[in-house]
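There are 2 protein chains.
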Amino acid sequence: MFSLKSKLKLQKRFRKMSEGIGENMEVLSMNLWKISLDEYNSYDNRKYETLFTLANGYRGIRGALEFSSKGNKGNYIAGIFDKSQSQVTEIVNLQDPLGFNIYIEDEKVDVDECGLDRFKRELNMYKGILYTSFIATTKKGKSIEVKCERFVSRNKINRWAAKYEITPLNFNGKVFLENYIDGSVTNSAWDVMNKTKHFKVKNNYDSNPGIALAVETNDNNIKALELTTLMGENEKGNIFKNRRYSEFGEIVSEVYETFMIEGKSSTIVKYGISISDRDLKNDLFTAGTKELKDFMKDGYDEEIKKHIIIWEKIWNEIDINIDGDEKAQIGIRFNLFQLSSSAYEGDTIISIAAKGLHGEGYKGHVFWDTEVFMLPFFIYTRPNVAKALLMYRYNTLQGARKNAETTGYKGARFAWEAADEGLEVTPKWGVDYDGNAVRIWTGDEEYHINSDIAFGIVEYYRATNDKEFIVNYGVEILLDTAKFWQSRVEYNKGKDRYEISSVIGPDEFHEHVDNNVFTNYLAKWNIEKALFFKDWLKAEDNVKYKVLCSKLGLNEEDFNVWETIYKKMYIPKSEDGMIIEQFEGYFDLADIEISKYDENGMPIWPDFKGNKLGETQLLKQADVAQLMIMLPEEFSEDVKKLNYEYYEQRTMHKSSLSPSMYSILGLAVGDRQNAYKYFMKAIYTDLEDNQGNTDFGLHAAAAGGSWQSAIFGFVGLRVNKEGILNINPWLPKQWEGLSFNINWKNSRVCISMSKDKIEVNSTGDLSLNIYDKKYLISDKKHLIVAR
Amino acid sequence: MFSLKSKLKLQKRFRKMSEGIGENMEVLSMNLWKISLDEYNSYDNRKYETLFTLANGYRGIRGALEFSSKGNKGNYIAGIFDKSQSQVTEIVNLQDPLGFNIYIEDEKVDVDECGLDRFKRELNMYKGILYTSFIATTKKGKSIEVKCERFVSRNKINRWAAKYEITPLNFNGKVFLENYIDGSVTNSAWDVMNKTKHFKVKNNYDSNPGIALAVETNDNNIKALELTTLMGENEKGNIFKNRRYSEFGEIVSEVYETFMIEGKSSTIVKYGISISDRDLKNDLFTAGTKELKDFMKDGYDEEIKKHIIIWEKIWNEIDINIDGDEKAQIGIRFNLFQLSSSAYEGDTIISIAAKGLHGEGYKGHVFWDTEVFMLPFFIYTRPNVAKALLMYRYNTLQGARKNAETTGYKGARFAWEAADEGLEVTPKWGVDYDGNAVRIWTGDEEYHINSDIAFGIVEYYRATNDKEFIVNYGVEILLDTAKFWQSRVEYNKGKDRYEISSVIGPDEFHEHVDNNVFTNYLAKWNIEKALFFKDWLKAEDNVKYKVLCSKLGLNEEDFNVWETIYKKMYIPKSEDGMIIEQFEGYFDLADIEISKYDENGMPIWPDFKGNKLGETQLLKQADVAQLMIMLPEEFSEDVKKLNYEYYEQRTMHKSSLSPSMYSILGLAVGDRQNAYKYFMKAIYTDLEDNQGNTDFGLHAAAAGGSWQSAIFGFVGLRVNKEGILNINPWLPKQWEGLSFNINWKNSRVCISMSKDKIEVNSTGDLSLNIYDKKYLISDKKHLIVAR
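Chain order of the listed sequences is A and B.
With the first letter of the first sequence counted as 1, position 181 gets the number 994 in the working numbering; the numbers rise by one all the way through.
With the first letter of the second sequence counted as 1, position 628 gets the number 1441 in the working numbering; the numbers rise by one all the way through.
Encoded structure:
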């Protein structure tokens, strides 16, 4: 068993039914599917709230403990943003529907006040259920056992529920159960200078039984409603004797009086419905009440059954099975689980925020993280979700066009940080330690986001062959981003080349740099793909092509300019042409190499000797390397190897996006030693809180990077220039086997490998190169190749 | 030094300036004026909130610690009542203006989360200032010293303030100071089935600097506004660098950013104004803002100076100086301090609740506690306050008349529990342990409240000679209460006597009893006094007399009936006429005597042997004894002695009103052994929480009883039938001396005594019996008598 920081334990042994709430815990070998915590320390509540978040793409509920007032409860509905007095618009922390109190006579069961015994929280990732159990003893000596489970339905997105099994251990007496919804919630509750309330409580409802609380955001009057109700039973039926409904300003509450007997358990089910006028324009209370009644009619057990079936289906699509390395197995599953929880296919005007639906870090904004780090996972496992994510970019094109316009450019300029409308919402100012304002330049200069999105589109289409998407949406984005680059590049007449000055690349240690290769190369590539798909569309659907040219204001003259830009884009390199220079002048900076590493093998800051960080060659994260991972077919093995070696020595990995990428490039060039270290670093970003800010939400890009590290890295999955799938697996020695599924052009491909062989199944005909040897697998047959 | 329960310590040693916040702590021998607490345990917060309440009669603020969220904060303005969904109307716990947070960077200074060192709270009763100091160390290891003082001004009743001296001990860094007003307050916050919100937050105001929050009660739309502002300075002047105003639903907040230096202290003053449309009908915000500005102009130091001067004046009127018994000295002062804090002379439509302005116990209702237990203290020390308290009864006569009318009687029937209008607001139902409803009969049957108020009026007039009051208000109450009795008594034709059936006397163990002597005797006495003052008024002011007869519908016929009732009222007695029977049939009840006492000398429940409590002769509290204390001149020494001995053996003292009364009667009849025990029990009711419910507020009647026990008991102060003041001092052997002042008919009389002599000073001519010997003291001379 692995003993992680702060007593978080990875569950690997078989656990008996009695340790969950009961009926939904099957006698299965679930050992590698659980994240469990055996000790309570309120100081860590915020971190575990992130790790134990339950989300279904529509919404996320941080894994707060109902029985503690400490931490930072979070209830987010994707797409509900508001600015109010905060610096920029941000995802709204909505009214909290989890409210549930147990009072033993006049004593509240508060885990921060009571004696605690057998405390346990456990996230069952296979089922998408969070279990909590403990024995609490009050100041007056009353002991009560509480077991609860909670889920956010993947069956019906507006539903969530909790079930409590409560047993008095040493008393008979009155127990009051309070169900409440708390509208006194704010964003940034931990930060006194930025705490912001984004909504007004508009209505409380007494539905007897049940309560509801309606809010409305300040700026755009988006309405959100939470409805909850309790049912309580023991073996004799209903346990509720008396009910009291109350409104306390921003809190609505119903309290049920019960009388409990020592040793006898009662079960309380809390049904919840969350609904907003983002998804429904009718009267929310009427609709929500109907949905709540339907939920109660369906029943808790039926809903959780359907929820589990859906999770089983999702796991069948996403799982990576690693034999022989339990820590890696559990770790990768955590990333796949939380990433899958952050998105669903049903909404095309939301995307995944940098912190998922797991916290308020980066204000719920969407970055390049989605297309570059998370999207590949969805493309290859859940292409419908990938499509929905790309559709968010299409549906916010108006915002992107406005961004171009307001900054003096043409076409579409996607926002470095985007929210509901696609407008640039990167804060302009931050604050340093001494309280001095610091200008944030990323929103002004991190232009590469445009090509990153183009990259996501091409990747998606290449793997799915989704013509409907590329014809109707994809080409439009490729053309409009190319149009932006056309307006953005600068022609250097003296050197007869195109340049892009004053940018920030992925490595944010260096600002205002000229000709960042990542930016230039991908801009060039973006234009190339635009030209390619323009021609393709013209052939495929000429009417569509013409309409698009008209809509975007493009003609052959533009396309000719694009050709020229493509050919003459400047890419700085070393004299021998082997090492790409991250940006013009980078090689002239102070060359300080990393020489010391911490106990986890991560770099320790070298001494800059009086230079500012930006005056050194030290990198925050993969930049040239990132380019080579995204476009592996564009670079030779030698170039990749030399660049990997050069930049890896200079990268501080101060972004959670970095380690997974280096593991991929390392494996591609034969550095097997560091690959595993980087992979483990990536998959344990949150479980070990190795960036120190898991409090603020999931590192969703690191989660996506984890999948890429396994599949693009260890498996070596790559699409070559001809569009043929390649795998070149190398597994760490402790890995006895690895298996996973991918979707490839409407086929489902199962790949599994052991120490000595690779087995491939496909639902359709498949051309596949394994270790550079070509195989053709026909439908429903399987291929076995020796390793 | 006395070590009391839960680390409450009575301050008796000399303390240096450095232990208070500084400048207001003089180098005085203040040892016997302080209540201090040296250890923090959040579980006891509610109790200390009561003990450390600061009040000025207009309002009370429970002694909550700003730096803890635990406990039960309370902010009450006398006279603001509301029912909403609670069972009966209750004093409203208003928005909390104390809100003050210190953030060291991102860590809040929360005493429940931080390491604590040198924690100390100290109530300086002489000055009416609450001091708190501690060193808190955050989880990240930052240590900060906080010293604060708080006062509720006796100079201007709407003003209160706090001063904080903050010193970082081991860091330089950003410190954020948050000033906030919390409108999310409820009543009965500790009781989930009765928690009630009595107001709506109507407005937040940003007065920059300063904030305000306005509320309005639900039922009668009474408006209350809290305004606060901060000023922060160190030796270089202003320390505030930046301000952020926010509204969080029911909370309004302003945060100031500062940068503090290790070892350097900053001083933050928080000015507060509390104002309600009970006292001001104009626009509250305009008036409050002006008052806040005036307060800041006057300055903290000036206001606290005036506040202290007023407390000095009050102490000069109320203090009882006990030499040789520090525990008794400090204890009696606590009672005098908190009782004096509960009332002021400026408002004649409020009175003192059973729990003072110190908590929500008994819902802020006014009982007989005021007239019988507390009023004598005010009559003899602060007669203006006594008058205001009696005026409350006059001003609520309409309610009392309505009570009579709705229960089928005539005249004025004062409510057993009264709030703002004088209507009966005793709850009709309570709940027993099993949740069964239990009918509460006191509001129906405790008729004696009427005579108790008449008693208060006569006592007041006898000691003050306040003709203006008796002519204009007192006689009207005496007549209208007599008129009630006329309608209430029942004529028993067979026995030719008047009876009063089905009542509850002071001893509430016995309900629905007939001819309770306390009730009958005082009803008869009430009628006698009505007749006397009717004749007196007729002679004094015939017009007034006639108007009053007309107003109250009385004439000679009524007065004749009153005469008859007075003569024929039935008073049950033992066969020999010596022992008064508490009520008809009492002697026939199971005679179970108390035989065992706990370690504090308080009775232990005897075995009832199958009887219900009401079927035994056991008493809750003084009943016949109570009568003999109130009307000592009506009973012979022998009768008092025999009745004391009889009933003392049967009294369980299950009311905090009981021990002080038995100490008085005991001393009157020569039981010196028990007197001291009862006295100490009374004065430590709250300091030792010996009723177990100090959480809910002050035992204000016990506080009044404490004064009576000292003055009526040990000093033996008594007014005889001729209206002459008598003293018959007996002091416990450890008391080396006792001195106090009283007001007697516009003279200020100072009485001090040592082991061997008694010294009396008077500002006017005074006739005084000492040990039954008559003395005449003329103005400005003093009398010395040997003991």
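For each residue, glycine too, the CB sits at the ideal point set by N, CA and C.
Judged by their CB atoms, residue 867 (chain A) and residue 986 (chain A) are not nearer to each other than the 8 Å cut-off.
Beta bridge pairing from DSSP links residue 1026 (chain A) with A:1017, A:1039. Residue 1003 (chain B) belongs to the set of residues whose beta carbon lies under 8 Å from a beta carbon in chain A. Fully enclosed alpha helix (DSSP H) runs of no fewer than 4 residues occupy 1437-1443, 1450-1461, 1471-1481 of the region 1412-1493 of chain A, in order along the chain. For the options A:1103, A:1048, A:1092, the alpha carbon positioned closest to that of residue 1081 (chain A) is the one of A:1048.
The alpha carbon of residue 852 (chain A) has as its nearest neighbour, out of A:929, A:1393, A:1482, the alpha carbon of A:929. Under a 10 Å Cβ-count criterion, residue 1181 (chain A) is classified as buried, with 16 or more other Cβ atoms of the shown protein chains found around its own Cβ. Rounded to the nearest whole angstrom, the CA to CA distance from residue 1346 (chain B) to residue 1193 (chain B) is 22 Å. According to DSSP, residue pairing for residue 1304 (chain A) in a beta bridge involves A:1311.
The continuous stretches of alpha helix (DSSP H) do not include residue 1286 (chain A), and DSSP gives it neither H nor E. Flagged as an interface residue toward chain B: residue 999 (chain A), by a C-beta distance shorter than 8 Å.
Pairing residue 1229 (chain B) with residue 1262 (chain B) gives a Cβ-Cβ distance under 8 Å. Residue 1589 (chain A) sits exposed, since fewer than 16 C-beta atoms from the chains shown fall within 10 Å of its C-beta. Residue contact check for residue 1423 (chain B) against chain A: no CB pair falls below 8 Å. Interface with chain B (8 Å Cβ-Cβ cutoff): residue 896 (chain A) is excluded. Between residue 1549 (chain A) and the set A:1134, A:1178, A:1403, A:1104, the nearest pair of CA atoms involves A:1134. Following the DSSP letters along the chain, one finds residue 1530 (chain A) in no alpha helix (DSSP H), marked with neither H nor E. Cβ atoms of residue 1102 (chain B) and residue 1508 (chain B) stay farther apart than 8 Å, at about 36 Å. Across the structure, residue 953 (chain A) and residue 873 (chain B) are spaced so that their CA atoms are roughly 30 Å apart. If you keep only unbroken beta strand (DSSP E) runs of at least 3 residues inside the region 865-931 of chain B, you get 872-874, 888-890, 913-917.
With fewer than 16 other CB atoms across the displayed protein chains lying within 10 angstroms of its CB, residue 1074 (chain A) is exposed. When rounded, the separation of the alpha-carbon atoms in residue 893 (chain A) and residue 1033 (chain A) is 10 Å. Between residue 1016 (chain B) and chain A, the shortest Cβ-Cβ separation is not below 8 Å. Inclusion of residue 1260 (chain B) and residue 1301 (chain B) in the CB contact set at 8 Å is warranted, their separation being smaller than that value.
Under the 8 Å criterion on CB atoms, residue 859 (chain A) is classed as non-interfacial with respect to chain B. Sequence-distant partners of residue 1446 (chain B) (beyond 5 residues in either direction) whose C-beta falls short of 7 Å from its own C-beta, in its chain, are 1533, 1534.
Judged by pairs of C-beta atoms under 8 Å, the region 908-928 of chain B touches the region 948-965 of chain B, as three or more such pairs exist.
DSSP, read as helix, strand or coil, puts residue 1113 (chain B) in helix. Relative to residue 1568 (chain A), the option among A:1578, A:1587, A:1598, A:1581 whose CA is nearest is A:1598. In summary, the residues of the region 940-952 of chain A whose CB is separated from some CB of chain B by less than 9 Å are 952, in the order they occur in the chain. By the criterion of a C-beta distance shorter than 6 Å, residue 1195 (chain B) is surrounded in its chain by 1130, once the five residues flanking it on both sides are discounted.
Assignment of beta-bridge partners to residue 1573 (chain A) by DSSP yields A:1564, A:1596. Proximity of residue 1303 (chain A) to chain B, defined by a Cβ-Cβ separation below 8 Å, is not satisfied. For residue 991 (chain B), the neighbours in chain A by C-beta distance under 8 Å run, in chain order, 1005. Look at residue 1059 (chain B): its C-beta is under 8 Å from a C-beta on chain A. Cβ contact annotation for residue 1164 (chain B) (same chain, cutoff 6 Å, sequence separation greater than five): 1179, 1183, 1202, 1205, in chain order.
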